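**Student:**
There are 2 protein chains.
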Amino acid sequence: MSEPVRVLIVDDHQIVRQGIRAVLEDEDFEIVGEAGSGDEAVALLAGRSSADVPDVVLMDLVMPGLPAIEAIRRIRQASPSTQVLVLTTFLEDRQVQEALAAGAIGFLLKDVLKSDLARAIRGARQGRPWLHPEAQRLLMQRVTSRPVPPPHETLTPRERTVLELIGRGCSNKQIAAELHLSEGTVKGYTSLIFDKLGVADRTQAALYAVRNGLVPESER
Amino acid sequence: MSEPVRVLIVDDHQIVRQGIRAVLEDEDFEIVGEAGSGDEAVALLAGRSSADVPDVVLMDLVMPGLPAIEAIRRIRQASPSTQVLVLTTFLEDRQVQEALAAGAIGFLLKDVLKSDLARAIRGARQGRPWLHPEAQRLLMQRVTSRPVPPPHETLTPRERTVLELIGRGCSNKQIAAELHLSEGTVKGYTSLIFDKLGVADRTQAALYAVRNGLVPESER
DNA sequence: GTCCCCCTCTCCCTGACGGGCGAGGGGGAA
DNA sequence: TTCCCCCTCGCCCGTCAGGGAGAGGGGGAC
Numbered sequence: 629m630s631e632p633v634r635v636l637i638v639d640d641h642q643i644v645r646q647g648i649r650a651v652l653e654d655e656d657f658e659i660v661g662e663a664g665s666g667d668e669a670v671a672l673l674a675g676r677s678s679a680d681v682p683d684v685v686l687m688d689l690v691m692p693g694l695p696a697i698e699a700i701r702r703i704r705q706a707s708p709s710t711q712v713l714v715l716t717t718f719l720e721d722r723q724v725q726e727a728l729a730a731g732a733i734g735f736l737l738k739d740v741l742k743s744d745l746a747r748a749i750r751g752a753r754q755g756r757p758w759l760h761p762e763a764q765r766l767l768m769q770r771v772t773s774r775p776v777p778p779p780h781e782t783l784t785p786r787e788r789t790v791l792e793l794i795g796r797g798c799s800n801k802q803i804a805a806e807l808h809l810s811e812g813t814v815k816g817y818t819s820l821i822f823d824k825l826g827v828a829d830r831t832q833a834a835l836y837a838v839r840n841g842l843v844p845e846s847e848r
Numbered sequence: 629m630s631e632p633v634r635v636l637i638v639d640d641h642q643i644v645r646q647g648i649r650a651v652l653e654d655e656d657f658e659i660v661g662e663a664g665s666g667d668e669a670v671a672l673l674a675g676r677s678s679a680d681v682p683d684v685v686l687m688d689l690v691m692p693g694l695p696a697i698e699a700i701r702r703i704r705q706a707s708p709s710t711q712v713l714v715l716t717t718f719l720e721d722r723q724v725q726e727a728l729a730a731g732a733i734g735f736l737l738k739d740v741l742k743s744d745l746a747r748a749i750r751g752a753r754q755g756r757p758w759l760h761p762e763a764q765r766l767l768m769q770r771v772t773s774r775p776v777p778p779p780h781e782t783l784t785p786r787e788r789t790v791l792e793l794i795g796r797g798c799s800n801k802q803i804a805a806e807l808h809l810s811e812g813t814v815k816g817y818t819s820l821i822f823d824k825l826g827v828a829d830r831t832q833a834a835l836y837a838v839r840n841g842l843v844p845e846s847e848r
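Protein chains in written order, with my numbering: chain V, 629 to 848; chain X, 629 to 848.
1) So which residues of chain V does X/Val851 contact, with C-beta pairs closer than 7 Å?
2) Are any of the Cβ atoms in chain X nearer than 7 Å to that of V/Gly797?
3) Using only alpha-carbon positions, find the residue among V/Gln723, V/Arg722, V/Leu715 that is nearest to V/Asp744.
4) Just the chain V side, please: which residues come within less than 8 Å of X/Thr789 by C-beta, in chain order?
5) Out of curiosity, what's the CA-to-CA distance linking X/Ser819 and V/Ala729?
6) Roughly how many angstroms separate the alpha carbons of V/Val827 and V/Ala833, rounded to a whole number?
7) For X/Leu759 and X/Leu741, I'd like the C-alpha separation in whole angstroms.
8) Report yes if the C-beta distance between X/Gly795 and X/Ala752 is below 7 Å; otherwise report no.
9) Below 8 Å, can you find three or more Cβ-Cβ pairs linking the region 672–684 of chain V to the region 646–654 of chain V?
10) Let me know the secondary structure DSSP gives V/Met629 once reduced to three states.
11) Return helix, strand or coil for V/Ala828, following the three-state DSSP convention.
12) Determine, using beta carbons only, whether V/Lys801 comes closer than 7 Å to chain X.
13) Quick one: what's X/Gln711 bridged to in DSSP?
14) Ignoring anything shorter than 4 residues or poking outside the region 699–758 of chain V, list the alpha helix (DSSP H) runs there in chain order.
15) What is the rounded straight-line gap between the Cα of X/Arg756 and the Cα of X/Ile733?
16) Can you tell me whether V/Glu655 is helix, strand or coil according to DSSP?
17) Assuming contact is defined by CB atoms lying nearer than 7 Å, are V/Val712 and V/Ile700 in contact in what I supplied?
18) In chain order, what residues of the same chain lie with their CB nearer than 7 Å to the CB of X/Leu825, ignoring the 5 residues before and after it?
19) Could you confirm whether any beta carbon from chain V is found closer than 7 Å to the beta carbon of X/Thr831?
20) Output, in sequence order along the chain, the residues in the region 734–765 of chain V whose CB is closer than 7 Å to any CB in chain X.
21) Of all the CB atoms in chain V, is at least one closer than 7 Å to the CB of X/Glu655?
22) Using a beta-carbon distance below 7 Å, is X/Glu806 in contact with chain V?
23) For X/Glu726, is the classification buried or exposed, using 16 other Cβ atoms within 10 angstroms of its Cβ as the cut-off for buried?
24) Could you tell me whether the Cβ atoms of X/Gly661 and X/Leu694 are closer together than 7 Å?
25) Just curious, the alpha helix (DSSP H) that X/Pro785 is in, first and last residue?
26) Taking the Cβ atom as the reference point for each residue, do X/Phe657 and X/Val633 lie within a distance shorter than 7 Å?
27) Could you have a look at V/Val843 and say whether DSSP puts it in helix, strand or coil?
28) Can you check DSSP and say which residues form a bridge with V/Gly661?
29) Quick one: Cα of X/Met691 to Cα of X/Ile803, how far?
30) The alpha helix (DSSP H) spanning X/Glu668 covers which residue range?
31) Beta-carbon separation of V/Ala763 and V/Val724 under 7 Å?
32) Along the chain, where does the alpha helix (DSSP H) that runs through X/Glu781 open and close?
33) Between V/Ile703 and V/Val685, is the Cβ-Cβ spacing less than 7 Å?
34) Would DSSP call V/Gly812 helix, strand or coil?
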């Protein structure tokens, strides 16, 4: 971690590139270039000596011209020491699969926090993968060729009910009153729920609940 | 509050009626009847002596037959001591206006907590109105005939940014790191935000943010 | 009958959260 | 200039949230 990681940003939107650049320059990263398309990225790599090559390429998947997947493949072929991190907006089963098959080391969504992005990039240089949790689930599904249930399906009915209340913004006390439980019992459930969903606190659980449609329409 | 409030439930879905009944019987309410339509409700009221009339009618707006607004009007006319609380799924400007004009004392959404529903009903018997916050805003708009900005429009840019992070499930510490602020400063913002939005805590603020589209699409 | 899961509860401890207050600096508006 | 809003920070204090461990009862599965 002595010298800054050299990063190449590939995204077809100039504003996005600028945003990522600003974020990364804030930390200790060296932006060695930007590209607006896969072709451009590949060309940029081709014109560099092996000592001058980026450590990590941050790449969006949705771009005109050369398909991003193909770009990943060529980049990895031309410069095996360069790692590719996919940084995109949506997460789809096939895309994850293809990107990793093409040689990407990680798959992030643009909702990533600066701190996590930094960790992912530093890790990528060391060859450490970084996958969005949902991408991990999809991968697991592929590998085992069995459906891996989304975390909330492992909730018991009671936990599910409590999660619904959390998703409506209730405090533990309110939930306890609503369900005629002791507050301690509710706390017990919340802990189990956070654990199962892989979230850190009730706010994240609430967001998870609404995103996954676990809060009835009329209750929002 | 000595004797139980006498309640009539009006909703075209039997399941909903049952749900409300279960909730209310759990507390100290007396369900004096159910009706599946406005006509039925009006007829039910007509067949009762004034001593036998419900204190509060809980009524959905979306029902076949006699328009709910008209039903409210007739109920209020036939039995002025009976208060009508609208309990519906959606909230629309015109409906609020019309329901109140027809004599309703309150306007609730079905997302209401048991405890609040109970308070609204008890209050209604005393002639105390109960309006969903958004209904209050719409009303205010009508009365002043000036647009009343939704609460989040009064946020400063910085507060808005902090709310976005809250809407992504960040803790105060994470927000501080993300924005290069002290945790104390972030706490200050969160308090102001909760105050402006009229919410109790960060979970409710996060839910508010996503519901009102304050968290960028790609950040969810 | 036994086992295991689910539901419920309790106690304790730490840290995070949220309210209230004050305070300084910067910039725009009157 | 003066005033006010915004941004930033600090401190105190009470409450809430979350982790951990343990424990009892009920009911279904085997």
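In this text, a Cβ means the ideal position worked out from N, Cα and C, and glycines have one as well.
Note that the structure is a prediction, hence the values are computed from the model and not measured.
**Tutor:** In this structure, then:
1) There is simply no residue 851 of chain X to check, as chain X begins at 629 and stops at 848 in what is shown.
2) By this cut-off, V/Gly797 is an interface position.
3) Minimum Cα distance to V/Asp744 is reached at V/Leu715.
4) Chain V residues near X/Thr789: none, gap ~13 Å exceeds 8 Å.
5) Taking the straight line joining both Cα atoms gives about 47 Å.
6) Annotation: V/Val827 to V/Ala833 spans about 6 Å, alpha carbon to alpha carbon.
7) Between the alpha carbons of X/Leu759 and X/Leu741 lies a distance of about 14 Å.
8) Not closer than 7 Å, so no.
9) No, the region 672–684 of chain V is not in contact with the region 646–654 of chain V.
10) Only weak support exists for where V/Met629 lies, its pLDDT of 46 falling under 50; the coordinates are left without a value.
11) Three-state DSSP puts V/Ala828 in coil, outside helix and strand.
12) For V/Lys801, not one C-beta of chain X is nearer than 7 Å to its own C-beta.
13) Looking at the DSSP output, X/Gln711 sits in a beta bridge with X/Val684.
14) Here the runs fully enclosed are 721–729, 742–753.
15) Just so you know, the alpha carbons of X/Arg756 and X/Ile733 end up roughly 7 Å apart.
16) In this structure, V/Glu655 counts as coil in the three-state DSSP scheme.
17) For the 7 Å CB-CB criterion, V/Val712 and V/Ile700 form a contact.
18) Excluding residues within five positions, the ones whose Cβ falls inside 7 Å are Pro779, His780, Ala833, Tyr836.
19) True, the Cβ-Cβ gap to chain V drops below 7 Å.
20) Correct list: Lys738, Asp739, Leu741, Lys742, Ser743.
21) Taking a beta-carbon distance threshold of 7 Å, X/Glu655 does not count as an interface residue toward chain V.
22) The beta carbon of X/Glu806 falls within 7 Å of a beta carbon belonging to chain V, placing the residue at that interface.
23) Buried.
24) With contacts defined as CB atoms closer than 7 Å, X/Gly661 and X/Leu694 fail to qualify as a contacting pair.
25) It spans 785–794 - the alpha helix (DSSP H) in which X/Pro785 sits, taken as one unbroken run.
26) For X/Phe657 and X/Val633, yes; Cβs fall inside 7 Å.
27) In the three-state DSSP reduction, V/Val843 falls in the coil class, being neither helix nor strand.
28) Looking at the DSSP output, V/Gly661 shares a beta bridge with V/Leu636.
29) One Cα belongs to X/Met691, the other to X/Ile803, and the distance between them is close to 47 Å.
30) For X/Glu668, the uninterrupted alpha helix (DSSP H) run begins and ends at 666–674, by DSSP.
31) Between V/Ala763 and V/Val724, the C-beta spacing is below 7 Å.
32) Note, X/Glu781: premise wrong, no alpha helix (DSSP H); not H, not E.
33) Yes; because the gap between Cβ atoms is below 7 Å, this pair is in contact.
34) Per DSSP, reduced to three states, the secondary structure at V/Gly812 is helical.
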